[in-house]
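See below for the structure under consideration.
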Amino acid sequence: MPSDQIAEKNGFPVDLPPKYYHDYFSYVLEFVRKRYAHLLNEKELGFLETYDRLSEDAQCLFIRFSNRSKSFFRVKSLSYSEITDLPAVLEELHENGFIESICDAHEPRFGEIMELFTKPEHLHFTKLLEPDVMPAKSIKKPDLVRWLMHDYDFKTLCEIITETEPVVKVTFEAEVMLMKFLFFGNRHADMTEFVIRDLGHVRFQSFDEQFLSIQFETRKEVDDTLTVSLMKETFDVIKNALPPEEVYDWFMNWYAGNGTGLAPKSLPSFNSLILRIGAWLERKKMLSQALIIYQLTNDAPARERRVRLLYNLGEVEEALALCEEIAESPQNADERYFSLDFQEKIRNKKSKRVKRTTQALKDATAIEVPITFRFNVEYGALEYYRAQGYNAFFSENEPWRALFGLLFWDIIYDTNVQTIHNPLQRIPSDFFLPDFYFKRSAQLKERLEAASSREIIDELVSQTFQDKFGITNVLVPWYEGALEKVLTLTSLVSPEKIRAVMMEIALNLRENTRGFPDLLVWNETEYAFIEIKSPTDHLSSRQLHWQHFFAEHEVSSRIVRVNWLRD
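Here the working numbering = 1-based position in the sequence shown + 95.
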């Protein structure tokens, strides 16, 4: 993002200083040094010490290089107004080992170097190498590059390139990656988080840094978690470049040498990778291999996929046994209803079987809505109920999620739980893990006990909405009318029932923050949450879960089918 970008923050324009990125990077390094120096090896500590000795301009150019996705750079194309003497800075970086000229060690990455140059420049290289042999001008750049790399060796092409324009490669890539990983705790967030904060695009919850906890206790936790993250990135690349058999062999070879002793900290990310690879192998019709992959985790939906694969591969008894195991301890609604439905499918092959979600939809009442709403069925239903004299709005997950986020805001972001590790963290590190409830169960129960009346609940959520307005929280939307929806919900549903729903959400934030009915409708005497389904819609297990939960706790809710009313 350019340094002269301007945005509005608190009503005033914000102009980032010319070397804003230097401040951010220096902050990250100091943050990591304070918290993780004891986990760094000699080379990583040496990187920090050598970096500190660089001039500020040299540090700036190194950061510019490090913040880019590529590793090689054309020297003549470098232009940064805040760096005054680029040749001198390049020399300083070269002398201190922060950049290097292209050499034999870079041959495996020669394609990246060639990619720096345009098609006309490659044609010029061809003319210099062999004036009498010129490819057709219509040749595409990738074909031209492949031809050059096939007909000429690395050394020859390097000499031609270097004579045309020097190319350098940034070094310490692994060390910089580690520093950012230790700061953010993952490979998804990057240095732009600082930028969007300072430009006012995102407001983060503020924390006293002295109370931030470290995310990694041991070097093995760091290495294993980072390795799994890099494996995910590698998989995303090679799945489009290699045959499925080679991708499967790649992963299994890695797993045989590294996967059996992973640190517990890395297992959620590892299980996520397993599910991605298994699903991909299924799509590639490699069923036996997908089954082997799914056996490496029990995280949903791995067990469900294993049952289906076993059944399709003829292992019916084993599929049935696993179904029974799932039914005894389902992890979520999908597993619960799947295990019951699939057991019936296996045991009653000859009888026609109707899934529980399908049966619930068949049993639902129906309303007639003009077919003009066929592409926006929920809006058509909304108009239907308003015409019947009801108040109504789109509810779905939003007001329930917002109510949870506002009611438990301080508990979610409590640094004493030791799940907040950096000042730019949007959610606690255990937010979607079972640990979220276990670590906070006493606080959550205490808050729910305190929320004994509608007045107390409304005061808590209204005050939090006012105090925290605009601060990022994945559960809470910030727009005019968002609080009104929450307060409408609390005015219709009793505190006892609200407490039951809040506890159900807390038990599994990943699963239980979705699947709520589409609409909330009410009048002076009644209310209902309504799940709307068009003639081609299906009911999900999560939606059926909430219908059953609401029925159990006497929260008025129902499924409604829409029949099209034609002119």
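Backbone N, C-alpha and C fix where the C-beta goes; we use that ideal spot for every residue, glycine too.
>> I'd like the ranges of any beta strand (DSSP E) spanning at least 3 consecutive residues and lying wholly in the segment 273-349.
In response: Whole beta strand (DSSP E) segments, 3+ residues: zero.
> Taking DSSP as the reference, what is the three-state secondary structure of E473?
Replying inline: Within the sequence shown, residue 473 is the residue found at index 378, counting from 1. Helix.
> When you compare only the Cα positions, how much space is there between P108 and Y508?
Replying inline: Position 13 of the sequence shown holds residue 108. Position 413 of the sequence shown holds residue 508. Below a pLDDT of 50, predicted positions are generally treated as unreliable, and P108, at 46, falls in that range; no measurement from the model is reported.
> Using the C-alpha atoms, what's the distance from F311 back to E621?
Replying inline: One-based indexing of the sequence shown puts residue 621 at position 526. One-based indexing of the sequence shown puts residue 311 at position 216. Computed Cα separation, rounded: 52 Å.
>> Measuring alpha carbon to alpha carbon, tell me which residue in Y131, T179, F212, L570 is nearest F167.
In response: If you number the sequence shown from 1, residue 167 lands on position 72. The shortest C-alpha separation from F167 is found at F212.
>> Check for me: the alpha helix (DSSP H) holding K580 runs from which residue to which?
In response: As a position in the sequence shown, residue 580 is number 485, starting the count at 1. Per DSSP, K580 is one residue of the alpha helix (DSSP H) stretching across 577-587.
> So which of L587, F644, G475 has the shortest CA-CA distance to R656?
Replying inline: In the sequence shown, counting from the first residue as 1, residue 656 sits at position 561. Distance from the Cα of R656 is smallest, within the candidate group L587, F644, G475, for G475.
> Hey, quick one: how far does the beta strand (DSSP E) through S652 stretch, first residue to last?
Replying inline: In the sequence shown, residue 652 corresponds to position 557, counting from 1. Counting along the chain, the unbroken beta strand (DSSP E) around S652 starts and ends at 652-660.
> Rounded to a whole number of angstroms, what is the C-alpha to C-alpha distance between M274 and K315?
Replying inline: Against the sequence shown, residue 274 aligns to sequence position 179. Against the sequence shown, residue 315 aligns to sequence position 220. Straight across, the Cα-Cα distance linking M274 with K315 is about 15 Å.
> Going by DSSP, what residues sit across from I566 in a beta bridge?
Replying inline: One-based indexing of the sequence shown puts residue 566 at position 471. When DSSP reads this structure, I566 sits in a beta bridge with R298.
> The beta strand (DSSP E) spanning A487 covers which residue range?
Replying inline: Counting from 1 along the sequence shown, the entry for residue 487 is found at position 392. Here the beta strand (DSSP E) through A487 covers 486-489.
> Given Y343, which residues of its chain have a CB within under 6 Å of its CB, disregarding the five upstream and five downstream residues?
Replying inline: Taking the sequence shown and counting its residues from 1, the one referred to as residue 343 is at position 248. Closer than 6 Å at the Cβ level, and outside the excluded window around Y343, lie Q384.
> For T514, does the count of other Cβ atoms within 10 angstroms reach 16, so buried, or fall short, so exposed?
Replying inline: Taking the first residue of the sequence shown as 1, we reach residue 514 at position 419. Buried, since its Cβ has 16 or more Cβ neighbours within 10 Å.
> Helix or strand or just coil, what does DSSP make of G168?
Replying inline: Within the sequence shown, numbered from 1, the residue matching residue 168 stands at position 73. The question names Gly, yet the displayed sequence has Phe at residue 168. Strand.
> DSSP three-state call for F624: helix, strand or coil?
Replying inline: Here residue 624 corresponds to residue number 529 of the sequence shown, with the count starting at 1. Note: F624 maps to strand in three-state DSSP.
> If you draw a straight line from the C-alpha of L415 to the C-alpha of D246, how long is it?
Replying inline: Locating residue 415 in the sequence shown gives position 320, counting from the first residue. Locating residue 246 in the sequence shown gives position 151, counting from the first residue. Straight-line Cα distance between these residues: approximately 59 Å.
> Apart from the five residues on each side of it in sequence, which residues of its chain come closer than 7 Å, Cβ to Cβ, to F346?
Replying inline: Taking the first residue of the sequence shown as 1, we reach residue 346 at position 251. Closer than 7 Å at Cβ, skipping near neighbours: I372.
> Where does D553 fall in DSSP's three states?
Replying inline: Numbered from its first residue, the sequence shown carries residue 553 at position 458. D553 sits in a helix when the DSSP states are folded into three classes.
> How many Å lie between W659 and N353 at the Cα?
Replying inline: By 1-based counting over the sequence shown, the position of residue 659 is 564. By 1-based counting over the sequence shown, the position of residue 353 is 258. Rounded to the nearest angstrom, the two C-alpha atoms are 57 Å apart.
>> Please state the DSSP three-state secondary structure of L615.
In response: As a first step, residue 615 is located in the sequence shown; it is residue number 520 there, counting from the start. It is a strand residue.
>> Suppose you measure from the CA of L134 to the CA of M272; what does that come to, to the nearest Å?
In response: Along the sequence shown, one-based indexing puts residue 134 at 39. Along the sequence shown, one-based indexing puts residue 272 at 177. Near 15 Å, if we compare the C-alpha coordinates of M272 and L134.
> Do you know how far the Cα of L181 is from the Cα of S98?
Replying inline: Counting from one through the sequence shown, the residue named residue 98 turns up at place 3. Counting from one through the sequence shown, the residue named residue 181 turns up at place 86. For S98, the pLDDT reaches just 36, beneath the cut-off of 50, and the residue's location in the model is therefore unreliable, although a value from the coordinates is still provided. Straight-line Cα distance between these residues: approximately 18 Å.
> Does the Cβ of E626 have 16 or more other Cβ atoms within 10 Å, making it buried, or fewer, making it exposed?
Replying inline: As a working mapping, residue 626 is identified with position 531 in the sequence shown. By the neighbour-count rule (16 or more Cβ atoms within 10 Å), E626 is buried.
> Is the segment 154-165 in contact with the segment 316-334, if contact means three or more CB pairs nearer than 8 Å?
Replying inline: Segments in contact, no.
> With respect to the alpha helix (DSSP H) encompassing V184, which residues constitute its N-terminal and C-terminal limits?
Replying inline: Along the sequence shown, read from residue 1 onward, the residue named residue 184 stands at position 89. Counting along the chain, the alpha helix (DSSP H) containing V184 begins and ends at 181-190.
> Can you tell me whether DSSP reads A459 as helix, strand or coil?
Replying inline: As a first step, residue 459 must be located in the sequence shown, where it is residue number 364. Assigned with DSSP and collapsed to three states, A459 falls in coil, not helix or strand.
> Expressed to the nearest angstrom, what Euclidean distance is found between the alpha-carbon atoms of L715 and S524?
Replying inline: The structure shown does not extend to residue 715, since the chain is modelled only from 96 to 662, so the question has no answer here.
> Distance, Cα to Cα, I462 vs F470?
Replying inline: Position 367 of the sequence shown, counting from 1, holds the residue named residue 462. Position 375 of the sequence shown, counting from 1, holds the residue named residue 470. Those two C-alpha atoms are separated by around 16 Å.
> Is S176 helix, strand or coil when you go by DSSP?
Replying inline: Here residue 176 refers to the residue found at position 81 of the sequence shown. DSSP, reduced to helix, strand and coil, places S176 outside both helices and strands of the structure shown, so it counts as coil.
> Leaving out the 5 sequence neighbours to the left and right, which residues in its chain are closer than 8 Å to V228 when beta-carbon positions are compared?
Replying inline: If you number the sequence shown from 1, residue 228 lands on position 133. So the qualifying residues of the chain are T221.
> For L498 versus V581, is the C-beta spacing smaller than 7 Å?
Replying inline: Working through the sequence shown from its first residue, we reach residue 498 at position 403. Working through the sequence shown from its first residue, we reach residue 581 at position 486. Closer than 7 Å, so yes.
> Is it true that the CB of V262 sits closer than 7 Å to the CB of I178?
Replying inline: Stepping through the sequence shown from its first residue, residue 178 is reached at position 83. Stepping through the sequence shown from its first residue, residue 262 is reached at position 167. In this structure, V262 does not lie closer than 7 Å to I178 by Cβ.
>> Among the candidates R159, L149, I551, whose CA atom is the shortest distance from the CA of T287?
In response: Along the sequence shown, one-based indexing puts residue 287 at 192. Selected option, being the one with the closest Cα: R159.
> In the structure shown, what three-state DSSP assignment does M96 receive?
Replying inline: Residue mapping note: residue 96 aligns to position 1 of the sequence shown, counting from 1. A caution first: M96 carries a pLDDT of 37, below 50, which makes its placement in the model unreliable, though a value can still be read off. Note: M96 maps to coil in three-state DSSP.
> In whole angstroms, what is the alpha-carbon distance linking E647 and V402?
Replying inline: Here residue 647 is taken as the residue at index 552 of the sequence shown, counted from 1. Here residue 402 is taken as the residue at index 307 of the sequence shown, counted from 1. Rounded to the nearest angstrom, the two C-alpha atoms are 30 Å apart.
> Who are the Cβ neighbours of E377 in its own chain at under 8 Å, not counting the five residues just before and after it?
Replying inline: Numbered from 1 along the sequence shown, position 282 holds the residue referred to as residue 377. A385, R400, L404.
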